[in-house]
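Enquirer: Positions in the sequence shown are counted from 1; adding 19 to them yields this note's numbering.
Beta carbons: idealized from backbone N, C-alpha and C, even for Gly.
What you are looking at is a predicted structure, and each value in this text was computed from that prediction instead of being measured.
So that we are looking at the same thing, I have put the structure below in structure tokens.
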Amino acid sequence: MNKEESEKKIEDLVLLGYPGISGSRFLWEKGNALPFSARYQKEERQRIEDLPRLFWKEKTLSFSAENIYLFTDKERNGEATPLYEKDIRAKENAGEIKRGKIEDLFPGFASDFSLSEVLPLGKGGILAGLGEIGGGGLSFSYSKISFLQSTIELCEHFQLSPYALHSKGAFLLRLERGEDFAGLAREKGIEASCIGRFHEEKKRIRKDEYGESYLYKQERDSLEEIFTKEETGILT
20 MNKEESEKKI EDLVLLGYPG ISGSRFLWEK GNALPFSARY QKEERQRIED
70 LPRLFWKEKT LSFSAENIYL FTDKERNGEA TPLYEKDIRA KENAGEIKRG
120 KIEDLFPGFA SDFSLSEVLP LGKGGILAGL GEIGGGGLSF SYSKISFLQS
170 TIELCEHFQL SPYALHSKGA FLLRLERGED FAGLAREKGI EASCIGRFHE
220 EKKRIRKDEY GESYLYKQER DSLEEIFTKE ETGILT
């Protein structure tokens, strides 16, 4: 390996947050004759509302977070609670953690991870985002994309693709050391996964246990298969 190759920038693709959440919320509210118990619907709708809300601030290259669990003890007061923290409800009831907000969730991450781009997801879901994000060619894996189980179940019921389901509130990031950043995000209580890597070729390819295929431009949102654009317009 020559010097130029060794110094070549290697960029990863990270998914921050759950895709399909805004579409799932819409389906819970607008869907008719859902084959789920009233209790399950209530629990899953509440699960969505309980998720942290992320906001990207372009001017300061930083993420703020609301509705995120924070420790309340003296040593860690105001620090985000890791995603893997156990007994969340019990600790919240006991006052050991509380919901709050953080103005700068990942201090200095833009320079630490050589951030190149942040793409907020929306219409067309993660498939649209995979086609829009810059960086030339890339390879990615469906199996590394995390959805809420209720999102999958809703899409199965309505026979929709979760990958093209409206995903406002989730983001795609192009940066270096994607696995490390995804680990940092989970430490801060945010779902994240490194789902792919950019390469010099122009093609965008899915490679995983499901096989291999090229990515084609996605413009239509899954919701538009059963709802009108006027009905789904409230999501934009």
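#1: I'd like to know whether the C-beta atoms of ALA147 and LEU35 end up nearer to each other than 7 Å.
#2: Rounded to the nearest angstrom, how far is the Cβ of LYS208 from that of LEU102, given a contact under 8 Å?
#3: Bridge partners of TRP75, per DSSP?
#4: When the Cβ atoms of the stretch 158-169 are set against those of the stretch 236-250, are three or more pairs found closer than 8 Å?
#5: So what's ILE224 in DSSP terms, helix, strand or just coil?
#6: Return the chain-ordered list of same chain residues with a C-beta closer than 8 Å to the C-beta of ILE116, the five sequence neighbours on each side being excluded.
#7: So, helix, strand or coil for HIS218, using DSSP?
#8: Please classify SER56 as buried or exposed, where buried requires at least 16 other C-beta atoms within 10 Å of its C-beta.
#9: DSSP state of LYS93, grouped into three classes?
#10: If you count every other CB in all the chains shown that lies within 10 Å of the CB of GLY144, and 16 or more means buried, which is it?
#11: Applying the criterion that 16 or more other CB atoms from any shown protein chain within 10 Å of the CB defines a buried residue, is LYS22 buried or exposed?
#12: Are the beta-carbon atoms belonging to LEU226 and GLY156 less than 7 Å from one another?
Expert: So, from the data block:
#1: Position 128 of the sequence shown, counting from 1, holds the residue named residue 147. Position 16 of the sequence shown, counting from 1, holds the residue named residue 35. In this structure, LEU35 does not lie closer than 7 Å to ALA147 by Cβ.
#2: Reading the sequence shown from its first residue, position 189 is the one you call residue 208. Reading the sequence shown from its first residue, position 83 is the one you call residue 102. In the sequence on display, residue 208 carries Gly and not Lys. At roughly 5 Å, the Cβ-Cβ gap stays under 8 Å, so GLY208 and LEU102 are in contact.
#3: Sequence index remark: in the sequence shown, residue 75 carries index 56 (1-based). DSSP lists PHE82 as partners of TRP75.
#4: no
#5: Here the question's residue 224 lines up with position 205 in the sequence shown. Reduced to three states, the DSSP call for ILE224 is strand.
#6: The sequence position of residue 116 within the sequence shown is 97, counting from 1. Cβ within range, chain order: TYR88, LEU89, PHE90, THR91, THR100, GLU104, ILE107 and LYS110.
#7: For this step, residue 218 is matched to residue 199 along the sequence shown. Looking at HIS218 - three-state DSSP - the assignment turns out to be strand.
#8: Against the sequence shown, residue 56 aligns to sequence position 37. So SER56 counts as exposed.
#9: Along the sequence shown, one-based indexing puts residue 93 at 74. DSSP places LYS93 in coil when its eight states are reduced to three.
#10: Counting from one through the sequence shown, the residue named residue 144 turns up at place 125. Counting Cβ neighbours within 10 Å, GLY144 comes out buried, since at least 16 surround it.
#11: Taking the first residue of the sequence shown as position 1, residue 22 is located at position 3. For LYS22, the predicted model reports a pLDDT of 46, less than 50, meaning its position is unreliable; a value from the coordinates is still stated below. By the neighbour-count rule (16 or more Cβ atoms within 10 Å), LYS22 is not buried but exposed.
#12: Locating residue 226 in the sequence shown gives position 207, where the first residue counts as 1. Locating residue 156 in the sequence shown gives position 137, where the first residue counts as 1. It should be pointed out that residue 226 corresponds to Lys in this sequence rather than to Leu. No, the Cβ-Cβ distance between LYS226 and GLY156 is not below 7 Å.
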